[in-house]
Amino acid sequence: MNNRKIILTGLIPALLLVLVFTYYPFLRGIIMAFQEYKLFNLSHVHFIGIDNFKNAFQDPKFIMALQNSAYWVFCSLILQFLFGLTLALMLKKKFRGRGIYQGLVFYSWALSGFLIGMIWKWMFNSQIGVINDLLLRFGFIQERIGFLSEQKWAMMSVIIANVWYGVAFFAIMLLAALQSVPSELYEAAEMDGAGGVRRLWNITLPYIKPTIISTLMLRAIWIFNDPSLIYGLTNGGPAGSTHILSSLMLEHIIYGGDYGAASAIGIIMIVILLLYTIFFLSVTKAEKAGEF
Amino acid sequence: MRLKKMKAITLLLSAVLTVGLIAGCGGKQESDKVTIRMIESLTSPKRTELIQAMLDKFQEDNPKIKVELISPPFDQADNKIRTMLGSKEEIDILEVRDLNVAEFVNNGYIEPLNAYTDKWSDFATVSAVSKSVGTVGGKLYFLPNGLYQRQMFYRADWFKELGLNPPTTWEELYETAKKLTDPSKNRFGFSFRGGAGSNGTTDSMILAYNGDKVNLEDSMFTKDGATIYSTPEAKAAMELYLKLYKDASPPDSINWGFQEQVQAFTSGVTGILLQDPDVIQSLQEKMEEGTWATAPLQTGPTGKALFAAGGAGWGMSSKSKHKEEAWKLIEYLSSPEVNTKFSKDYGLIPLHTTATEDEYFKTGPYKTLIDMSDKPDTFVNYKPAFEYPGNGQWGQVAMETGQALLLNKATLDETLKKWDSYWTEQKASLKQ
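Those protein sequence lines, which keep their order, are chains A and B. So the first sequence is residues 3 to 294, counted in the working numbering. So the second sequence is residues 647 to 1078, counted in the working numbering.
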């Protein structure tokens, strides 16, 4: 009879949820980016045009965080992907205790970023950390390294922790894709005399290409947006050298109570992500994924 | 027919879901009892347990009042409190901190307590420092549940080994720390803190060096109205600070916060730690008795040490519908008996002056703090700049610019200039 009405009524709870918890905060964020909105003085909220954006681009910390973000996303993503793919290829073959082994390898993905930050902070500690201790014992170094206190090491150290965190994600996703590759293809290729590398290049990779593309895109967005690891590890230090955009945004909220400045950074981040997504999709769309 | 039924069920379900989602998170109300909602800020499992025990006792004595305690994780607590106050959620009692009391007052979130304390007999013994911590613009907004005050902890065994005495001035502290330092043994004199909270060291050195010049009521400024960072004394203090880091502290400590600073001391890497009494318990747990001891804060060249007692305490929401009951609970928690027990159990300086007569505070690590308060000419109490909007961010600004200075990315003059202009701007924005 009136199917449309039923469907619409059924959709209301879901629509409400999305509106209230996704789009309302988003709109509010856009508005706040153009306001002076400070927790200390909520009775004095008013529009100030594009001042928040101007201030952001004039702040050397913001420029540094922008550069760091690029470096952070690129290095973390590539290394996570390469290690994740290697791990997935290694776990593809069946062997005794594979399930348990997979669980052990993948568990890092289940930890919170903040917790991982705390763990790595202690491991990187130069006086009482395990990494320095091991390096000293095995004679690789003579003097302790301040991984988180020297600017030349800090960003690299944070990226190492992030790679450790994210490898499991790629391994899980790619392994699932690998297991869907029909084994007849490999048999046929073997009969035609294709070697291991050839099979990887001509069968495996093209077949799992859709998964590779979507995981790379998603993961890049997550890495870009997630401040928890940096917040737990260095809190942006030393001297702001490990801030990325999202951790800088967090700092404006937690220490400054300045929601206007934070929202402006948030908007800039959304624009960057939009551009990235458009670019990424148009580049990868050239060849239709999955066909060979 | 079937379709109609289905339609009815769908409608019913979606209605239930929608209403449930919107209203489901609200609490239930019992008719004969008054429910007081209370939220704490400086949460830790042990502390929550102690507070809950006090509340249980209170509810036993007052069967008509039910107390609901909310304990968010420490890192999110203050934001949670802000959000709840901002969205006008029902909260009766909240833990207000020295660093956010001005913000809450400014936004009209909390109620002055003077009308209540006027009728409270035990108010007479509340210490002057406690009152000053909870006061904004002449009105009392919260009663501290205990005070934090910095003192020195040192490795008594290392000092004995080298025949050293606990330093009494910052200059001596540097000399002593330098003697204790031996990087080849991974041993350093000073538990430096260059990360979050680094301004605890820089500001107290600069204040001690400025000494009598400081306006105690407006402590980021001198009596002449200039910032404390603009004086030659500030430069002398910071020169010593740089030497303290370079000659007597672990290089890694440039990024250390509270945990690393304390951990380095308890694990035998550093010999001198400046901290609040809440670390006493963990020192007692992790270190052998006799290996550590306490001493008063260091003075500057003028023979004065400026200190600020910090604290958090119970305040009342201005939107509370049960103010009488809320006050009853605050009064109970702040009574000499209950508060002194809490201070002992958690390691704080009690709210009432009468508590210091307790044997417990006359011996052991707390003794130093009491000794300090007996010499008000040497150890001068000042009021931190909590009424400035930028005070919350100051820690972060001082940390980042301070780290740049330690990394030789900025000169001392440039750094002090930045600090000076930060506070000059703060002053200007306050006057508007």
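Backbone N, C-alpha and C fix where the C-beta goes; we use that ideal spot for every residue, glycine too.
Query, Result
"Candidates B/F834, B/E1060 and B/Y887: closest to B/Y855 by CA position", "B/Y887"
"CB contact below 9 angstroms: B/G673 versus chain A", "Caution is warranted here: a pLDDT of 49 is assigned to B/G673, below 50, making its placement in the model unreliable, and the coordinate value is therefore given only provisionally. Answer no: the Cβ-Cβ gap between B/G673 and chain A never drops below 9 angstroms."
"Contact check, B/R728 vs B/Q921, beta carbons under 9 angstroms", "no"
"Close-in-space but distant-in-sequence residues of the same chain around B/D803 (CB under 6 angstroms, 5 per side omitted)", "T937"
"Contact with chain A by B/Q1049, beta-carbon distance below 9 angstroms", "yes"
"B/S928 versus B/A941, B/E983, B/G846 and B/Q909, residue with shortest Cα-Cα distance", "B/Q909"
"Test item: CB-CB of B/I900 and B/G840 under 9 angstroms", "yes"
"Chain-ordered residues of the stretch 890–907 of chain B with a beta carbon less than 9 angstroms from chain A", "P896, P897, D898, S899, I900, N901, W902, G903, Q905 and E906"
"The stretch 209–216 of chain A contacting the stretch 226–237 of chain A, beta-carbon criterion three pairs below 8 angstroms", "no"
"Interface partners of A/K40 on chain B, CB under 9 angstroms", "P1035"
"Close Cβ partners of A/F64 (< 6 angstroms) along its chain, the five nearest in sequence each way excluded", "A58"
"One or two residues paired with B/W938 in a DSSP bridge", "B/R801"
"Chain A within 9 angstroms of B/E1060, Cβ atoms only", "no"
"Three-way DSSP call (helix, strand, coil) for A/V183 in this model", "coil"
"B/M798 and B/T940 closer than 9 angstroms at C-beta", "yes"
"Beta-carbon separation (whole angstroms), B/L994 vs B/L793, contact threshold 8 angstroms", "6 angstroms"
"DSSP three-state assignment for B/A872, whether helix, strand or coil", "coil"
"Exposure label - A/Y25; buried when at least 16 CB within 10 Å", "exposed"
"With 16 other Cβ atoms within 10 Å as the buried cut-off, status of A/K40", "buried"
"Which of helix, strand or coil DSSP assigns to A/N237", "coil"
"Under 9 angstroms between C-beta atoms of B/M962 and B/E741", "no"
"Own chain residues within Cβ distance below 7 angstroms of A/V47, not counting five before or after", "Q37, E38 and Y39"
"Beta-carbon gap between B/A1056 and B/T1070 smaller than 9 angstroms", "no"
"Endpoints, the beta strand (DSSP E) within which B/N791 is located", "F788 to Y794"
"Beta-carbon proximity of B/R693 to B/Y992, cut-off 9 angstroms", "yes"
"C-beta neighbour in chain A for B/S717, strict 9 angstroms", "no"
"Nonlocal neighbours in the same chain, by C-beta distance under 6 angstroms from B/G673, ignoring five residues either side", "The predicted model places B/G673 with a pLDDT of 49, which falls under 50 and marks its position as unreliable; any figure quoted below should be read in that light. Same-chain partners within the cutoff: there are none."
"A/S243 to B/E977 span [Cα, whole Å]", "48 angstroms"
"Straight-line gap, A/M125 to B/Q907 (C-alpha atoms, nearest Å)", "15 angstroms"
"Short-range partners of chain B found in the stretch 109–140 of chain A, where Cβ spacing is below 7 angstroms", "N127, S128, Q129 and I130"
"Proximity winner among B/K651, B/R683, B/Y1028 and B/A654, relative to B/K969 (alpha-carbon distances)", "B/R683"
"Whole runs of the alpha helix (DSSP H) within the stretch 941–978 of chain B, excluding any shorter than 4 residues", "none"
"Neighbouring residues, chain B, relative to A/G242 (Cβ below 7 angstroms)", "E1046"
"9 angstroms Cβ cutoff, B/E749 in contact with chain A", "yes"
"Helix, strand or coil at A/R98 [DSSP, three-state]", "coil"
"Pair within 9 angstroms by beta-carbon distance, B/T999 and B/T763", "no"
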